[in-house]
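Down below is the structure, laid out as structure tokens.
Numbering (my numbering), first residue to last: 637 to 978.
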């Protein structure tokens, strides 16, 4: 039976990426798309690359008939999803791509996002959407919170190592580069071509990036004690991709073996041969994450490098992977496409 899908906030990058992925899904059909500022327009007029996908026109959320919808993706801005989702039918399955339900503790949400949560009862119900580590909980969930793209990349590289205790938990440095689509589609002066091209910059310095809330929550959970990593993100003038380089203390061969063991049965996580580092080129447009381990010249130190596409595995692809589980479908459905190169 074909699953009927709604995408709320379809006019943004993650909404468009969902449309692209679901267009090739064997058991899903998009029946409703919303985009309040572009309501009444066709998706072809907003994104010409989707003109052959046979999509419905954009409408307003209040005009959607959810009675025939099996699952809704919520690709709305942060602090918007919570007020929308709490008014949706209680039996509707929802995958939220914003930050609104990622943090379990309402006080943590207020700390990192600067305002109280509008739907704390739903926040308590939401399952954290890092598929490879919460598969069973996601399959049984009504509401799944997609991770931050930076947070997903860092966790794929580090989470198994922290859980196994094979790295020094008090000396982890995460240096990350993200393509400009990670900043969204809204007009911002700092991501104008003339402002960003031919250079790059670090931002959210000093431990202020909001994805640190996810790192603190998840790393401390698996370690069984507080873990705080040193994290610096950089904005780079390419469209898609994240490259995370993690500097850790531990035996490189043990680290590599731990990652191989953790991900040996995972369809979308590829641990590269020892000494090989991944590139964002290799995962562009895919739901794959590639991880490499390189021994440092200093004994007892290593670099763990992870690459993924921020719009796909870091957001919309991960959301579709979770939706497949929630609807009882093959987890990999619609997601096995290869990348685009060059």
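Glycine included, every Cβ here is placed at the ideal spot set by N, Cα and C.
Rounded straight-line distance, which links the Cα of residue j to that of residue i
i	j	result
residue 948	residue 907	18 Å
residue 710	residue 868	28 Å
residue 743	residue 759	11 Å
residue 963	residue 725	17 Å
residue 840	residue 790	16 Å
residue 969	residue 935	43 Å
residue 712	residue 761	19 Å
residue 945	residue 757	32 Å
residue 796	residue 898	6 Å
residue 816	residue 830	13 Å
residue 706	residue 681	27 Å
residue 847	residue 874	21 Å
residue 786	residue 818	9 Å
residue 704	residue 921	30 Å
residue 647	residue 708	15 Å
residue 916	residue 956	21 Å
residue 750	residue 909	43 Å
residue 894	residue 943	18 Å
residue 754	residue 717	10 Å
residue 861	residue 677	51 Å
residue 784	residue 950	7 Å
Where the beta strand (DSSP E) containing residue i begins and where it ends
i	result
residue 710	707-710
residue 815	809-815
residue 869	866-872
residue 781	779-781
residue 664	664-670
residue 880	878-885
residue 897	Element bounds for residue 897: not the beta strand (DSSP E) but the alpha helix (DSSP H), 888-899.
residue 642	639-644
residue 682	From DSSP, residue 682 is part of no beta strand (DSSP E) but of the alpha helix (DSSP H) over 679-682.
residue 720	Taken as a continuous stretch (DSSP letters only), residue 720 belongs to no beta strand (DSSP E), being part of the alpha helix (DSSP H) at 717-721.
residue 863	That residue, residue 863, is in no beta strand (DSSP E); it is neither H nor E in DSSP.
Rounded distance between the beta-carbons of residue j and residue i, thought under 8 Å
i	j	result
residue 958	residue 720	So it is not a contact: roughly 18 Å between Cβ atoms.
residue 767	residue 954	6 Å
residue 927	residue 859	Their Cβ separation, rounded to whole angstroms, is 19 Å, which puts residue 927 and residue 859 out of contact at 8 Å.
residue 952	residue 638	Contact flag wrong, Cβ pair sits at about 20 Å.
residue 886	residue 941	Not quite, the Cβ-Cβ distance comes to about 15 Å (not below 8 Å), so this is no contact.
residue 669	residue 691	6 Å
residue 872	residue 929	So it is not a contact: roughly 23 Å between Cβ atoms.
residue 882	residue 808	7 Å
residue 642	residue 702	7 Å
residue 810	residue 865	5 Å
Exposure of residue i, with buried meaning 16 or more beta-carbon neighbours within 10 Å
i	result
residue 654	buried
residue 901	exposed
residue 878	buried
residue 699	exposed
residue 974	exposed
residue 826	exposed
residue 855	buried
residue 722	exposed
residue 850	buried
residue 788	buried
residue 976	exposed
residue 729	buried
residue 933	exposed
Continuous alpha helix (DSSP H) stretch holding residue i: start and end
i	result
residue 849	848-859
residue 787	785-800
residue 743	742-749
residue 655	649-658
residue 832	829-832
residue 919	Counting along the chain, residue 919 falls outside any alpha helix (DSSP H), and DSSP gives it neither H nor E.
residue 760	756-761
residue 953	953-962
Residues bridged to residue i [DSSP beta-bridge criterion]
i	result
residue 803	In the DSSP output, where bridge partners are listed per residue, residue 803 has none listed.
residue 979	Here the chain has residues from 637 to 978 only, and residue 979 is not among them.
residue 926	906 and 943
residue 730	708 and 779
residue 694	669
residue 838	870
residue 764	781
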